[in-house]
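In what follows, a single structure is set out as structure tokens and then discussed.
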Amino acid sequence: MKIMLNYIHRFIFFVTLITLSLSSNSIEVIEILGGKASQIPIAITPFNEEIRTMGQVPDKKNAFREKMHKVIANDLERSGLFTSLDTSGISTIPDSDILINFSNWSALQAQFLVVGKIITIQNRLITRWSLIDIYKEKTVLSMEFSGSKKQYRGIAHKISDLIYKKLTGSPGVFHTRIAFVKKKSEKIYGLYVADYDGFNQRVIVNSSQPILSARWSPDGKKIAYVSFEKKKPVIYVQNLTTGKRVLVANFKGNNSAPAWSPDSKKLAIVLTYSANSQIYIINSDGSGIKQLMRTRSINTEPAWSPDGKEIFFSSDRGGNPQIYKVNVDGVSDVNRVTFEGKSNLSPSLSPDGKLLLFLTQDNGKFRVAIQNLLSNQVLKLTKGPHDESPVFSPNGHMVLFTYKDYGKTTKIGTVSINGLKVTPLRVGSEAIQESSWGPITSN
Amino acid sequence: MKKSLLLVALMTSMVAGCSSTDIKDSMGLNAPFPELTSQTAELSPAAMDELASNPLLSERSVYFKFNSYDVESQYSNMLAAHAEFISKHNVAVAINGNADFRGSHEYNLSLGQKRSVSVSDSLSGLGIGSNNVETVSYGEENANQECTGSACDQDRRADIVYVGE
Amino acid sequence: MKIILKLQDNYELQANLFSFVIHFGLFIFMLVSIQWQMKDVYYSEVELWDAMPMQVKSQPVTNKKKSADIKKLTPKAIEKQKQLKINEDAEIKLKKKRKAEKKAKIKRVQKQALKQEKIEQLQKKLLEQEKIEQLQKKLLEQEKIDTLKESILDQDVKKNARIAVEADQELFAGSNTGELNKFKAMIQQKIYQNVNKQLCGLDLVELEFEIQLMPTGELLGDPKLMQSSKIESCDQALERAILQSQPLPVPKDAKLFSKLKNLKLKFSPNAYTE
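Chains as they are written, first to last, in my numbering: chain A, 29 to 471; chain B, 13 to 177; chain C, 28 to 301.
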């Protein structure tokens, strides 16, 4: 046995010696550290339209063809992960994944191609589309959808979602909705709900008094908001389907800053019952109030962590407002979370709980920022000077926020979390105050 | 059509909200504004005259520095006059706190509240109890959203408002 | 004496006695050897099952005949004994057979082991020889280099010699130097430009690909993913980065290119490079 081992050892030794000296057999290693925050170039071609209704004259402007590919291109661009290539100069646009000239598209620097065909029959649209990988020269996705003409935006958003999910691994949010408050005048306020890109807006609350802190419930069924209609701030929860609402908090003093627990069953709210703003937790129907903690300082703007265990909030206990966190059971210590910047306000958490989104005051300007909660690195996403109300999209890849220049009206827009893409939302010329982003819905 | 229906629905729900308290108020906190306790008196015409004639009493606002809620000494005389008036007539007063538009709406609501509480504390120091004083905040909701520079200063204030004025 | 004489004469008796002795001996043998054959009892049991049915098949025929013949005369006990004997015989025969097989097997294995040993010895000899040759080669090279160095007196000549020496070292020793590293850096830089780390999340993930290059700088086949980042979109993005970087900068010199035609690419897209 020992002799065997001896032989084995010597054998291995000689083998390694040979391998080392015969370097032409070894494989070279190249290490590539880091990378670029770049965008995937994708060519989204206008979908060919075919009208199959007798006697119907094709719209010269090719209505749906123009509209659909624009919706998809805008969606993907807005996310900050894609650049949509200009295909207007191309003479023959394919409408299916057959006979694709890959070298042509590759020459345009396109990594992916979206082609499609729309067939209109009466009031229906049938959309057949494909997503093609130019490098690998193969079709990645190929589907067909049908819907009414009115639903063309919804169909386009669905296509965007599927492309997004396929290429990034994360669910798309292009089918989701947002809420915001419009101040039409000193005496006219409206709480609106719209598609995430600002289209199809409709008002759900009209008031002559301010509306604040609109917050979409995580289950997507209700919106909580603060209303001054009783001449003081009180909190309502309104059902989006029925339009009915319940007054959940009208305690002595101010009632504000409603924040839904991740399971939509509770609300963290802020009351000034005991003089200064303090955080309480109540059931979403208004019952069972419990104080989270009490100090002599301001404690406001509660935000739940996605696991429902912690609440982040802003407080001026250290002088200027900073962001802190505490366990929901209230037993643990309060820990400070933000250390950079003069003031830090309006905390909220990304869906995976890894990023903190907030407002930071930097040289007198209010800017939207994110902080990696593990590394504590801070990235400022916007320039200011008066950015406010930042909220994450439900996949954590975009942020909805309001912004204004000195002396101008407030607008609403999105920024991608790499900070690269800021895109406004066209919702009208009135001032937009508060924003909230509804959840991903499965359909 | 939809809008008016909504308004009607709104109004009916509001009425419903007013008539029944949806909150099971185990802490006994709920007390609608601006109803202060019946232990205060209403503003009599004589008192109103006094309010109008006294120059110190016509000063109603305390102004604050940015992000601050400290009541500066320049307001001592004014507050003393109000304290005297309140205690003399046993009237109810609301202190409305405000902030300029910079920063978030919610934080400014809290800041306005803190300013209101500051003034209330000053009055308390002058012998005025919480029976007579209600602290309210409007945050930045009454502020000029488009002010620049020093034009924003006037939004950082607490106003003394007598109930019944 | 009589018995013995009788034995010598009577061959039949001899045979019978002999047979008896053998049977007895084997019987003892069987008893004695049962200890170590315990393990094999299973085997033998199994094999007997195999054997039994066959015997059973053939037996009914003979049994019937026998019983037909000796029906009235022989009791069942004798029949059974006869059967037992037959079984015993078979058993012993099998055991003999298997013993022989085992012996043969052991012999074979031993033979193989010997062979293996011989082969290994040979290999070892060969390797030793090779090693010696290699060392000799190296010594020769070193000598060559040394003599080159020694023959230098002038500063300029020294410079030239150094270059010559390095070139020689590159050619003979085949080690990494300037040229190779230069191309590696160029390849690294080109691919880096195309790495889209946005699809790789926030954590420090690592990936490994193996690629084969053609002299044109293009890839032969697809990049092979050897270590995944566990994020599908990240794996795909880096594969695209490699494909997008074609044609990769490769040396024209065939020997240098041969060192680069198989590459292992290691990525760490979220590493901080500043």
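Even for Gly, the Cβ is constructed at its ideal location relative to N, Cα and C.
Query: Whether V254/A touches L240/A by CB criterion (8 Å); Result: yes
Query: Proximity test, Cβ basis, 8 Å: E329/A and chain B; Result: yes
Query: Cβ pair count under 8 Å reaching 3, the region 304 to 316 of chain A against the region 264 to 282 of chain A; Result: yes
Query: A242/A: first and last residue of the uninterrupted beta strand (DSSP E) it sits in; Result: 239 to 244
Query: The region 101 to 116 of chain B touching the region 218 to 230 of chain A, judged by at least three CB pairs closer than 8 Å; Result: no
Query: At least three beta-carbon pairs within less than 8 Å, the region 278 to 288 of chain A to the region 326 to 341 of chain A; Result: yes
Query: Contact with chain D by H117/B, beta-carbon distance below 8 Å; Result: The structure shown has no chain D; the protein chains it does contain are A, B and C.
Query: Own chain, CB closer than 6 Å to D103/A, minus 5 neighbours either side, in chain order; Result: S188, F202
Query: Three-state class that DSSP yields for I97/C in the structure shown; Result: Bear in mind that the predicted position of I97/C carries a pLDDT of just 44, short of 50, making it too unreliable to give a figure here.
Query: The region 375 to 392 of chain A: positions lying closer than 7 Å to chain C by Cβ; Result: K382
Query: Local Cβ density within 10 Å of V99/A, reported as buried at 16 or more and exposed below that; Result: buried
Query: S308/C versus E233/C - alpha carbon distance; Result: Beyond the ends of chain C as shown, which are 28 and 301, falls residue 308/C; an answer cannot be given.
Query: Per-residue contacts from K126/B into chain A (C-beta, under 7 Å); Result: N304, I326
Query: Contacting positions in the region 78 to 94 of chain B - beta carbon closer than 7 Å to chain A; Result: N79
Query: Same chain only: Cβ atoms within 7 Å of W133/A, ignoring 5 sequence neighbours per side; Result: A71, L141, I162
Query: Residues near A42/C in its chain [Cβ-Cβ closer than 6 Å; skip 5 each side]; Result: none
Query: N- and C-terminal bounds of the alpha helix (DSSP H) containing L231/C; Result: It is not in any alpha helix (DSSP H) - L231/C carries neither H nor E in the DSSP assignment.
Query: Local conformation of S457/A per DSSP, three classes; Result: coil
Query: Proximity test, Cβ basis, 8 Å: K89/A and chain C; Result: Its pLDDT being 49, under 50, K89/A is placed unreliably by the model, and nothing is read from it.
Query: Alpha carbon of Q251/C to alpha carbon of S176/A, nearest angstrom; Result: Reading off the sequence, residue 251/C comes out as Lys, not Gln. The alpha-carbon atoms of K251/C and S176/A are separated by roughly 45 Å.
Query: Paired residues, beta bridge with I107/B - DSSP; Result: T147/B, I172/B
Query: CB contact below 8 Å: F310/C versus chain A; Result: Lying before the first or after the last residue shown, residue 310/C is absent from chain C, which here runs from 28 to 301.
Query: Whole-angstrom distance between L407/A and V277/C, CA atom to CA atom; Result: 39 Å
Query: Distance, Q51/B Cα to L387/A Cα; Result: 44 Å
Query: Neighbourhood of L229/C by C-beta distance below 8 Å, restricted to the same chain and skipping five residues each side; Result: N297
Query: Complete runs of the alpha helix (DSSP H) confined to the region 98 to 186 of chain A [at least 4 residues]; Result: 130 to 135
Query: C-beta atoms of R152/A and G144/A nearer than 8 Å; Result: no
Query: Cβ-based contacts, 9 Å cut-off: residues of the region 195 to 208 of chain A near chain B; Result: none
Query: Rounded C-alpha distance that separates F39/A from F236/C; Result: 31 Å
Query: Closer than 8 Å at the beta carbon, the chain B residues around Q350/A; Result: Result: empty, since nearest Cβ-Cβ is about 11 Å, beyond 8 Å.
Query: Segment limits, beta strand (DSSP E) that includes N267/A; Result: 262 to 267
Query: Proximity test, Cβ basis, 8 Å: V455/A and chain B; Result: no
Query: CB contact check: K151/C to chain A, cutoff 8 Å; Result: yes
Query: Selection from G346/A, M321/A, G347/A that minimises the alpha carbon distance to D357/A; Result: M321/A
Query: Beta-carbon spacing of D125/A, S174/A below 8 Å; Result: no
Query: Coil, strand or helix - N120/B by DSSP; Result: helix
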